[in-house]
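Counting the sequence shown from 1 gives a position; the working numbering is that position plus 6.
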Amino acid sequence: MITVDDETALLATAVGRALSDDIEILVWVTDAENVPKASDAGADYALSEQRTTARMLTTEIRGGEALHPTGYVQFARIEGARFAGGTLGRANGRSGHGWVGVGVERNGAFHTDDTTEIAPDDTLIVAGTDDRIRDLE
7 MITVDDETAL
17 LATAVGRALS
27 DDIEILVWVT
37 DAENVPKASD
47 AGADYALSEQ
57 RTTARMLTTE
67 IRGGEALHPT
77 GYVQFARIEG
87 ARFAGGTLGR
97 ANGRSGHGWV
107 GVGVERNGAF
117 HTDDTTEIAP
127 DDTLIVAGTD
137 DRIRDLE
């Protein structure tokens with residue numbers, strides 16, 4: 007769904023999440039301050055026009071390939087057994103791993119609190135570069 011303004015995007019996100027937990031919601035907002043609001047409304051991933059534009063300009067000025075917001079970052083579901091006994095925050099605390107744990111999926115619910123303990127039957131949702139995600143899988 008393409009929306010015209012941030013308020014509509016946030017409302018559509020909340021309605022979409024209320025209707026189903028089984029859909030992935032990607033939200034594009036104009037104002038970077040609305041990214042946390044989009045997450046609170048139920049977005050799985052939120053991008054701001056401000057930050058994406060700033061990254062693209064920085065990359066262009068420095069003479070590199072333009073950063074595409076979805077071209078270099080991917081999401082993956084990793085079996086929780088590899089991280090069992092630790093917390094989401096501890097999984098994210100590993101320096102230099104090139105990925106970030108977005109949340110823990112357990113019995114149809116999605117947990118994002120850093121204190122969430124990872125159980126063997128859980129699924130860890132991670133985001134990272136293509137190479138790092140392949141290393142995890």
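We treat Cβ as the ideally placed atom computed from N, Cα and C, and that holds for glycine.
Here DSSP, grouped into helix, strand and coil, assigns GLY104 to coil. Beyond the five residues adjoining it in sequence on each side, THR93 comes within less than 8 Å, by CB distance, of ASP120, THR121, THR122, GLU123, ILE124 in the same chain, given in chain order. Residue pairing by DSSP places GLY109 opposite ILE131 in a beta bridge. ILE139 carries a helical assignment under DSSP once its states are collapsed to helix, strand and coil.
About 29 Å separates the CB atoms of ALA90 and PRO42; that is not less than 8 Å, and the two are not in contact.
PHE116 is bridged by DSSP to GLU111. Under the three-state reduction of DSSP output, THR93 falls in the strand class. Shown here, ALA125 sits in coil according to DSSP, grouped into three states, outside any helix or strand. GLU13 and LEU53 have their C-alpha atoms roughly 14 Å apart.
Linking ARG57 to ALA38 through their CA atoms gives a straight-line distance of about 7 Å.
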